[in-house]
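J.: Below is one structure. I have some questions about it.
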Amino acid sequence: MTGALLAIIAGILISLQNVFNARVSEKTGPWATTSLVLGLGLICSLPVFYSIEKRSILEFGNVNPLFLFGGVFGVGIVFFLMRGVTLIGPAYAISIALISQIVIAFIVNTGGWFGFEAAPLSWQKLLGIALLIGGVLVYKLEKQTDENERVVKEQKPDRVISFSGDQSTCKSDQNLQHERY
């Protein structure tokens, strides 16, 4: 239960962080924002580390060097999600990122990569991933429909001209409005 609660808190924080990062990047630029966010993260995490952990921050001799690239991944995570939120909106960008995370976690878990115990492949897991992808596609379809309606409203002409073939007269939209009432 504790693991699930921590994951929920992380999900909330990731979503809010990306929205905030997108707003900051509008003023400072994406790379300045990435540097600022990760720098502030370092400043905030160091006091917590030194007050809780009972070891040196440089004690990573037994760690696979490949795993140290997690920090480099952090730069990509902040930058790419921030740009995605700016370009396509928070819900859509974070939904796509979530599906990417689930697919990669599924592959890592099923394959037993990076020291994790291999989990069996099942049709239920594949169905779950397919349903998630389907949900994002439905969301995108709804968003695209809303966007199309907005574009149609914006392209609506300010003045409508009505031609009456019998009388060879031309009436503007204002004249038509007066005739209706």
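Quick note: the sequence shown uses this note's numbering, first residue 56, plus one each step.
We put the CB at the ideal spot given by N, CA and C, even for glycine.
1) Where in the region 93-170 do unbroken runs of the alpha helix (DSSP H), each at least 4 residues long, occur, reported from the N-terminal end onward?
2) Between which two residues does the alpha helix (DSSP H) containing Gly58 stretch?
3) Comparing C-alpha positions only, which one of Gly166, Gly139, Leu91 sits nearest to Leu153?
4) Keeping to the same chain, check which residues put their C-beta closer than 7 Å to that of Tyr236; ignore five residues upstream and five downstream.
5) In this structure, how does DSSP classify Ser177 when only helix, strand and coil are distinguished?
6) Helix, strand or coil for Glu197? Go by DSSP, reduced to three states.
7) Of the residues Glu114, Ile149, Leu113, which one's Cα is nearest the Cα of Ile67?
8) CB Thr83 to CB Leu93, shorter than 8 Å?
9) Taking a contact to mean a Cβ-Cβ separation below 8 Å, would you say Ala160 touches Tyr194 in this structure?
T.: So, to answer that:
1) 125-143, 145-166
2) Taking the first residue of the sequence shown as position 1, residue 58 is located at position 3. Taken as a continuous stretch (DSSP letters only), the alpha helix (DSSP H) holding Gly58 covers 57-83.
3) Sequence index remark: in the sequence shown, residue 153 carries index 98 (1-based). Considering only alpha carbons, the answer is Gly139.
4) What you label residue 236 is simply residue 181 of the sequence shown in a count that begins at 1. Bear in mind that the predicted position of Tyr236 carries a pLDDT of just 45, short of 50, making it unreliable; the figure below should be weighed with that in mind. Excluding residues within five positions, none has a Cβ falling inside 7 Å.
5) Residue numbering aside, residue 177 sits at position 122 when the sequence shown is read from its first letter. The answer is coil: DSSP assigns Ser177 none of H, G, I, E or B.
6) As a first step, residue 197 is located in the sequence shown; it is residue number 142 there, counting from the start. Three-state DSSP puts Glu197 in a helix.
7) As a working note, residue 67 is residue 12 in the sequence shown. Among Glu114, Ile149, Leu113, the Cα nearest to that of Ile67 is on Ile149.
8) Along the sequence shown, one-based indexing puts residue 83 at 28. Along the sequence shown, one-based indexing puts residue 93 at 38. Cβ atoms of Thr83 and Leu93: not closer than 8 Å.
9) Along the sequence shown, one-based indexing puts residue 160 at 105. Along the sequence shown, one-based indexing puts residue 194 at 139. No; because the gap between Cβ atoms is not below 8 Å, this pair is not in contact.
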